[in-house]
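**Student:** Residue numbers (my numbering), protein chains in the order written: chain C, 1 to 222; chain G, 1 to 181. Each residue gets a CB set at the ideal place from its N, CA and C atoms; glycine is no exception.
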Amino acid sequence: MRYTFFPLAVAAMSLGLSCAALAQGPAGDEIKITFDRPVTVGSQTLPAGDYLIRQVDSGTDPRVLQFLSSDGTHLDATVTAIPIMQNTPPSETKAILQDEGGGARLSRIWVQGRTYGFGFPGTAAPAHPTTTASLQGSYAPAVTAAAPPPQPQPQPQPEAAPPPPAPQPEAEPAPAPEQPAPAPAPAPMPATALGWADLTAAGLTLAAAGLLLYWRSQRRTA
Amino acid sequence: MRRVALGVIVLGIVTAATGVALRVAASRGQAIAKTEWDTVTAGQERSGDADAPARLSFPAQGEAFFIEEGASRKNLLLGPARIAWSAAPGKSGNCIIAAHRDTHFRVLKDVRKNDPIILERQGEEFEYRIVGLSVVGAGDNQFYQPTSAPVLTLVTCYPFYYLGRAPKRFIVRAELVASNH
Chain C
1 MRYTFFPLAV AAMSLGLSCA ALAQGPAGDE IKITFDRPVT VGSQTLPAGD YLIRQVDSGT
61 DPRVLQFLSS DGTHLDATVT AIPIMQNTPP SETKAILQDE GGGARLSRIW VQGRTYGFGF
121 PGTAAPAHPT TTASLQGSYA PAVTAAAPPP QPQPQPQPEA APPPPAPQPE AEPAPAPEQP
181 APAPAPAPMP ATALGWADLT AAGLTLAAAG LLLYWRSQRR TA
Chain G
1 MRRVALGVIV LGIVTAATGV ALRVAASRGQ AIAKTEWDTV TAGQERSGDA DAPARLSFPA
61 QGEAFFIEEG ASRKNLLLGP ARIAWSAAPG KSGNCIIAAH RDTHFRVLKD VRKNDPIILE
121 RQGEEFEYRI VGLSVVGAGD NQFYQPTSAP VLTLVTCYPF YYLGRAPKRF IVRAELVASN
181 H
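Structural data, given as structure tokens:
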């Protein structure tokens with residue numbers, strides 16, 4: 001019977017291993033944040049939980065942010081943010097939420113040690129009075145040097161910051177219509193191994209093992 | 001015992017036949033795509049839609065493939081597939097095409113730096129030149145980032161000969177050098 005189990009195992013392994021890995025790693029600046037309630041980001045509402053916010057190098061002026069699962073494997077939302085500025089770099093990374101009666105909406109993200117942040121324009125005139133809440137996060141600068149940076153990257157100097165929409169610090173960005181991301185978001189690559197040769201080889205091995213078993217059983221009965 | 005043996009034989013034959021069928025489907029998919037390509041190019045149709053057929057050629061290797069739109073499992077079975085969110089062929093941005101290492105993109109093991117790659121679509125022809133070959137981890141997405149310049153990124157699994165799930169990715173990066181558009 002061991003002649004049977006081995007080819008079976010080979011066949012099962014061939015079936016199971018014929019797909020390539022679906023994964024991706026960090027590429028741009030990353031912010032980790034925990035939403036303690038459902039939060040509307042752009043046109044999508046994300047459930048409470050841990051998120052990895054990654055800046056996409058889109059090569060255009062608007063800042064495209066990806067909201068991914070905490071392990072970075074699942075893309076939950078892609079939003080175009082507006083650059084905002086303040087004179088004093090914050091001591092911690094934080095997300096500013098606005099409660100608009102029906103739920104919280106992500107309004108701004110300030111980045112630790114940076115004079116710039118990301119604004120997320122909402123409705124021009126919210127139906128309910130808004131209250132502001134702050135959530136802490138963590139920030140990690142880009143670690144890869146391979147990705148070409150066609151757009152200005154975050155710099156610690158105020159004068160090197162991206163073009164501000166308004167000179168006043170802490171100014172709420174002017175409401176603007178949500179724009180689709182100008183550059184599509186990178187997502188995990190598909191599996192790129194068909195595994196046809198694995199399957200064929202495993203099948204032939206299995207068939208040979210079956211023939212061997214059949215021959216042995218014939219000999220025993222004879 | 002004899003029944004078990006017969007069952008194993010049947011299972012083996014079915015498994016092997018599945019493998020052969022996948023390989024046949026990969027070839028058949030390209031044959032169907034070629035027919036569609038010939039029809040479109042003969043009629044000089046310029047539909048302008050995103051699903052217009054495209055052809056990817058490797059002149060130095062004498063190979064050509066017809067590109068599927070969207071890298072679903074079915075499309076990847078039939079041929080190289082452009083990642084849906086990547087840039088269109090010849091346009092500014094990063095055009096990413098993926099294919100299986102054991103069928104259509106086995107050719108990538110033979111390409112060299114400075115080899116030409118031709119992408120044709122709707123009467124337009126874009127010539128790319130290979131500027132780099134890289135092997136990266138499956139989770140490394142540095143080559144999939146959007147770019148401002150028109151580049152072509154070909155992706156397949158690596159090593160090319162590997163039993164089961166290959167742990168790395170082979171990346172061919174090419175830059176647009178000429179266009180008839």
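1. Using a 10 Å radius around the Cβ and a threshold of 16 neighbouring Cβ atoms, would you call C:ALA222 buried or exposed?
2. Who are C:PHE67's beta bridge partners in DSSP?
3. Starting from the C-beta of G:ARG2, find all residues in its chain whose C-beta is less than 8 Å away, skip the five residues before and the five after it, and write them out in chain order.
4. Scan the stretch 151-168 of chain G for residues whose Cβ lies nearer than 8 Å to a Cβ of chain C and list them as they occur along the chain.
5. In chain order, which beta strand (DSSP E) runs of at least 3 residues are fully inside the stretch 113-143 of chain G?
6. Which value, in whole angstroms, describes the spacing of the CA atoms of C:THR93 and C:ALA77?
7. May I ask you to report which of helix, strand or coil DSSP gives C:GLY119?
8. Just mark C:PRO190 as buried or exposed, buried being the case when its beta carbon has 16 or more other beta carbons within 10 Å.
9. Determine the direct distance from the alpha carbon of G:PRO167 to that of G:PHE126, and round the result to whole angstroms.
10. If we ignore side chains and look at the alpha-carbon of each, how far apart do G:ARG82 and C:GLY103 end up?
11. Using CA atoms only, rank isn't needed, just tell me which of G:GLN142, G:GLY90, G:GLU68 and G:SER72 is closest to G:GLU120.
12. So the alpha helix (DSSP H) G:ILE32 belongs to, where does it begin and stop?
13. My assumption, with CB atoms under 8 Å, is that C:LEU135 sits in contact with C:ALA95. Please give the rounded CB distance.
14. I'd like the ranges of any beta strand (DSSP E) spanning at least 3 consecutive residues and lying wholly in the stretch 55-99 of chain G.
15. Going by C-alpha distance, which of G:GLN145, G:GLU124, G:LYS109 and G:VAL14 is nearest G:CYS157?
16. On the DSSP bridge list, what partners appear for C:GLU92?
17. Do C:ILE53 and C:GLY137 count as a contact pair if the criterion is CB distance below 9 Å?
18. Decide if C:THR205 is buried, meaning its Cβ has at least 16 other Cβ atoms within 10 Å, or exposed.
19. What residues are listed by DSSP as bridge partners for G:ALA178?
20. Output yes if chain G places a C-beta closer than 9 Å to the C-beta of C:ASP76; else output no.
21. Just verifying my parser: in three-state terms, what is the DSSP assignment at C:ALA197?
22. In chain order, what residues of the same chain have a beta carbon less than 8 Å from the beta carbon of G:GLU36, not counting five sequence neighbours either side?
23. Let's test the definition: count the other Cβ atoms within 10 Å of the Cβ of G:TRP85 and tell me whether it reaches 16, buried, or not, exposed.
24. I'd like the list of long-range same chain contacts for G:GLU175, defined as Cβ closer than 8 Å, with 5 residues on each side in sequence excluded.
25. For a cutoff of 9 Å on Cβ pairs, would you count C:GLY203 as touching chain G?
26. Given that G:ALA31 touches chain C, what residues does it touch there, using C-beta distances under 8 Å?
27. Just how far apart, CA to CA, sit C:GLN98 and G:THR147?
28. Is there a Cβ from chain G that is less than 9 Å from the Cβ of C:VAL79?
29. Check each candidate in C:ALA209, C:GLY195 and C:ALA208 and name the one with the smallest Cα separation from G:THR18.
30. Using CA coordinates, which residue listed in C:GLY49, C:ALA201, C:THR88 and C:PHE120 is at the minimum distance from C:VAL79?
31. G:PHE160 by DSSP, collapsed to three states: which one?
**Tutor:** With the given structure in hand:
1. exposed
2. C:ILE53 and C:ALA77
3. Once the five neighbours on either side are set aside, G:ARG2 has no close Cβ partner at all.
4. VAL155, THR156, CYS157, TYR162, LEU163, GLY164, ARG165, ALA166 and PRO167
5. 116-121 and 124-137, all fully within the stretch 113-143 of chain G.
6. 20 Å
7. Three-state DSSP puts C:GLY119 in a strand.
8. So C:PRO190 counts as buried.
9. In a straight line, the C-alpha of G:PHE126 is about 32 Å away from that of G:PRO167.
10. 39 Å
11. G:GLY90
12. 2-43
13. Confirmed, Cβ separation roughly 5 Å.
14. 63-69 and 94-98
15. G:LYS109
16. According to DSSP, C:GLU92 bridges with nothing at all.
17. Contact annotation: C:GLY137 and C:ILE53 have beta-carbon atoms nearer than 9 Å.
18. buried
19. G:GLU127
20. no
21. helix
22. PRO53 and PHE66
23. With 16 or more Cβ atoms within 10 Å of its Cβ, G:TRP85 is classed as buried.
24. Cβ within range, chain order: TYR128, ARG129, VAL131, ALA149, PRO150, VAL151 and LEU152.
25. yes
26. Within chain C, no residue comes near G:ALA31; the closest Cβ sits about 17 Å away, beyond 8 Å.
27. 34 Å
28. no
29. Measuring from the Cα of G:THR18, the nearest candidate turns out to be C:GLY195.
30. Shortest Cα-Cα distance from C:VAL79 to any of C:GLY49, C:ALA201, C:THR88 and C:PHE120 involves C:PHE120.
31. Three-state DSSP puts G:PHE160 in coil, outside helix and strand.
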